[in-house]
Amino acid sequence: MLHESSKRIDYLKIEKLIREIVDLRNRGIDVCLVSSGAIAVGKESFDSDINEDSNSVKQALASIGQARLVSIYQNIFREYNQEAGQVLMTKNTITDNVSRKNAQNTFEALFELGIVPIVNENDTISTFEIQFGDNDTLSALVAYLIKADLLILLTDIDGLYTSNPRTHEDAEFVPLVENIDDVIDMGSSSVGSSVGTGGMHTKLIAGKIATLSGADMVIANSKDLSIIHNILDANFKGTVFKSNYDEFFDVLGYIEDNYNY
Numbered sequence: 319m320l321h322e323s324s325k326r327i328d329y330l331k332i333e334k335l336i337r338e339i340v341d342l343r344n345r346g347i348d349v350c351l352v353s354s355g356a357i358a359v360g361k362e363s364f365d366s367d368i369n370e371d372s373n374s375v376k377q378a379l380a381s382i383g384q385a386r387l388v389s390i391y392q393n394i395f396r397e398y399n400q401e402a403g404q405v406l407m408t409k410n411t412i413t414d415n416v417s418r419k420n421a422q423n424t425f426e427a428l429f430e431l432g433i434v435p436i437v438n439e440n441d442t443i444s445t446f447e448i449q450f451g452d453n454d455t456l457s458a459l460v461a462y463l464i465k466a467d468l469l470i471l472l473t474d475i476d477g478l479y480t481s482n483p484r485t486h487e488d489a490e491f492v493p494l495v496e497n498i499d500d501v502i503d504m505g506s507s508s509v510g511s512s513v514g515t516g517g518m519h520t521k522l523i524a525g526k527i528a529t530l531s532g533a534d535m536v537i538a539n540s541k542d543l544s545i546i547h548n549i550l551d552a553n554f555k556g557t558v559f560k561s562n563y564d565e566f567f568d569v570l571g572y573i574e575d576n577y578n579y
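Mapped onto the working numbering, the consecutive letters of the sequence shown carry residue numbers 319 to 579.
See the structure below:
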């Protein structure tokens with residue numbers, strides 16, 4: 319949630335996002351927010367440029383940024399009488415059986431208490447996440463953990479195209495994907511958000527994890543955040559990926575095979 323030009327916090331956009339989330343909560347829908355930008359927010363605290371070449375500096379910035387971000391989120395959520403809690407995840411959270419079960423129990427308790435979990439990668443203690451840098455996959459893994467019905471990925475284009483719409487005038491918009499394997503090779507790392515951490519390829523990988531774990535997924539444009547309630551009302555432009563639950567799909571094995579981290 320940073321301004322594209324200055325890379326500083328966009329408070330107006332954060333508040334709009336929170337209003338959307340609180341409205342969903344008022345409908346009785348459990349919502350989990352996967353956030354990013356801890357390092358960028360931490361860097362904002364310094365007047366001069368910071369050399370981010372080392373992971374230790376990035377981790378230090380993340381420790382500052384994570385605290386600032388969750389404070390901002392919680393303060394605005396409370397203005398709408400809604401509590402939010404922070405969940406920091408590492409690779410071990412997913413791959414270790416005990417850690418994964420503990421995380422699932424925590425999510426369940428937060429939802430039962432009516433609290434919105436705000437999830438981020440725990441960059442302060444793990445360099446894997448800094449090197450991995452992919453919030454799309456993190457979102458899909460959270461959807462897998464909490465057995466979500468729907469995963470929404472917001473970016474700066476309307477959804478999936480047959481090729482990069484910024485460089486190919488003949489690119490065709492794809493409104494619906496029934497089977498993720500039909501389009502998994504369509505993504506390109508050059509197509510996607512310039513602010514987020516992943517391109518369209520990572521979003522399709524996230525789609526495979528989410529849809530084969532039992533969740534529908536939507537890729538939509540974040541320019542107008544009212545699209546969130548429009549998605550729930552089935553009145554929006556975006557790409558819908560239909561759930562194709564496979565009880566034999568090995569999420570953990572898939573992650574290990576496709577990500578060297």
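Built from N, CA and C at the ideal position, the CB exists for glycine as well.
About 6 angstroms separates the beta carbons of residue 457 and residue 471, which is inside the 8 angstroms limit, making them a contact pair. By the criterion of a C-beta distance shorter than 6 angstroms, residue 336 is surrounded in its chain by 394, 395, once the five residues flanking it on both sides are discounted. Non-local C-beta neighbours of residue 416 in its own chain, meaning closer than 8 angstroms and more than five positions away in sequence, are absent.
Within the same chain, and ignoring the five residues on either side of residue 461 in sequence, the residues whose Cβ sits closer than 6 angstroms to its Cβ are 469, 528, 533.
Only residues of its own chain outside the window of five on either side were considered, and among them 388, 436 have a CB closer than 6 angstroms to the CB of residue 404, listed in chain order. Under the three-state reduction of DSSP, residue 501 is assigned to coil, being neither helix nor strand. In this chain, the alpha helix (DSSP H) harbouring residue 340 covers 329-344.
If you draw a straight line from the Cα of residue 465 to the Cα of residue 531, it is about 7 angstroms long. Boundaries for residue 539: no alpha helix (DSSP H) harbours it, while the beta strand (DSSP E) harbouring it runs 534-539, taken from the DSSP string.
Residue 319 carries a coil assignment under DSSP once its states are collapsed to helix, strand and coil.
Annotation: the region 466-495 contains the following complete segments of the beta strand (DSSP E) (minimum length 3 residues), in chain order: 468-473. Between residue 383 and residue 476, the C-beta spacing is not below 8 angstroms.
The C-alpha of residue 492 is placed about 10 angstroms away from the C-alpha of residue 559.
When DSSP assignments are scanned along the region 384-457, the uninterrupted stretches of beta strand (DSSP E) that are 3 or more residues long and fall wholly within it turn out to be 402-407, 434-439. With 16 or more neighbouring CB atoms inside 10 Å of its own CB, residue 554 falls in the buried class.
In the three-state reduction of the DSSP assignment, residue 352 falls in the strand class. Residue nearest to residue 499 within the set 521, 488, 330, 483 is 521 (criterion: CA-CA distance). The beta carbon of residue 357 sits closer than 7 angstroms to the beta carbons of 376, 379, 380, 383, 441 from its chain, once the five residues preceding and following it are set aside; these are given in chain order.
Taking the CA atoms as reference points, residue 398 sits about 7 angstroms from residue 340. With a threshold of 16 other beta carbon atoms within 10 Å, residue 421 meets it and is buried. For the 8 angstroms CB-CB criterion, residue 540 and residue 474 form a contact. For residue 542, the closest C-alpha among the options 328, 334, 535 is that of 334. DSSP links residue 556 through a beta bridge to 538. Relative to residue 433, the option among 407, 346, 414 whose CA is nearest is 346. By alpha-carbon distance to residue 430, the top candidate from 481, 353, 343 is 343. The alpha-carbon separation between residue 371 and residue 424 amounts to approximately 35 angstroms. Residue nearest to residue 320 within the set 348, 361, 349 is 361 (criterion: CA-CA distance).
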